[in-house]
Amino acid sequence: QVQLVESGGGSVQAGGSLKLSCVASGYVFSDCGMAWYRQIPGKQREFVASLGDSTRYSNSAKGRFTISRDNDKNTLYLNMTSLRTEDTAGYLCAACWSMKKARYDYWGQGTQVTVSS
Numbered sequence: 002q003v004q005l006v007e008s009g010g011g012s013v014q015a016g017g018s019l020k021l022s023c024v025a026s027g028y029v030f031s032d033c034g035m036a037w038y039r040q041i042p043g044k045q046r047e048f049v050a051s052l053g054d055s056t057r058y059s060n061s062a063k064g065r066f067t068i069s070r071d072n073d074k075n076t077l078y079l080n081m082t083s084l085r086t087e088d089t090a091g092y093l094c095a096a097c098w099s100m101k102k103a104r105y106d107y108w109g110q111g112t113q114v115t116v117s118s
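Residue 2 is where the sequence shown starts when you use the numbering used here, and the numbers rise one by one after that.
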């Protein structure tokens, strides 16, 4: 079955950097577009960045975060710099956009990022 496993989260001070990874298995990695979202308890899941036919970023992520992938390692990355306290959230990777459902088919469990002032 498809598995997405995120790692790389942690606690960092404002202005710092973190690099998240998402290792995928159970499908042909290069066949699918992927994305990063973030979730704060009690709030709606928020789009961060996607990498498919094109690369897209949220306004908040633009200029600070970089999404990339290594198809040989079946891994998606999110390099986050100039972190702000408002970036504190659980970060989830997603794979394989479904046109029919208008959402990604597969989701990881998430990795927590905490940014302190």
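Cβ coordinates follow ideal geometry from the N, Cα and C atoms, glycine included.
Could you check the C-alpha separation between residue i and residue j for me, to the nearest Å?
i, j, result
"residue 24", "residue 82", "21 Å"
"residue 37", "residue 89", "14 Å"
"residue 32", "residue 96", "10 Å"
"residue 7", "residue 108", "10 Å"
"residue 47", "residue 111", "13 Å"
"residue 67", "residue 55", "13 Å"
"residue 19", "residue 101", "34 Å"
"residue 16", "residue 77", "23 Å"
"residue 105", "residue 14", "31 Å"
"residue 44", "residue 5", "22 Å"
"residue 61", "residue 2", "33 Å"
"residue 34", "residue 114", "23 Å"
"residue 11", "residue 94", "16 Å"
"residue 75", "residue 63", "24 Å"
By a C-beta neighbour count over all protein chains shown, 10 Å radius and 16 as the cutoff for buried, is residue i buried or exposed?
i, result
"residue 41", "exposed"
"residue 39", "buried"
"residue 29", "exposed"
Residue i and residue j: beta carbons closer than 8 Å?
i, j, result
"residue 9", "residue 22", "yes"
"residue 116", "residue 84", "yes"
"residue 70", "residue 52", "yes"
"residue 79", "residue 58", "no"
Check for me: the beta strand (DSSP E) holding residue i runs from which residue to which?
i, result
"residue 48", "47 to 52"
"residue 58", "56 to 58"
"residue 107", "104 to 108"
"residue 33", "Run containing residue 33: none; DSSP gives neither H nor E here."
"residue 20", "19 to 26"
"residue 11", "11 to 14"
So within the stretch 66 to 94, which uninterrupted beta strand (DSSP E) runs reach at least 3 residues, ignoring any that extend past its ends? Segments of the beta strand (DSSP E) lying fully in the stretch 66 to 94: 66 to 71, 76 to 81.
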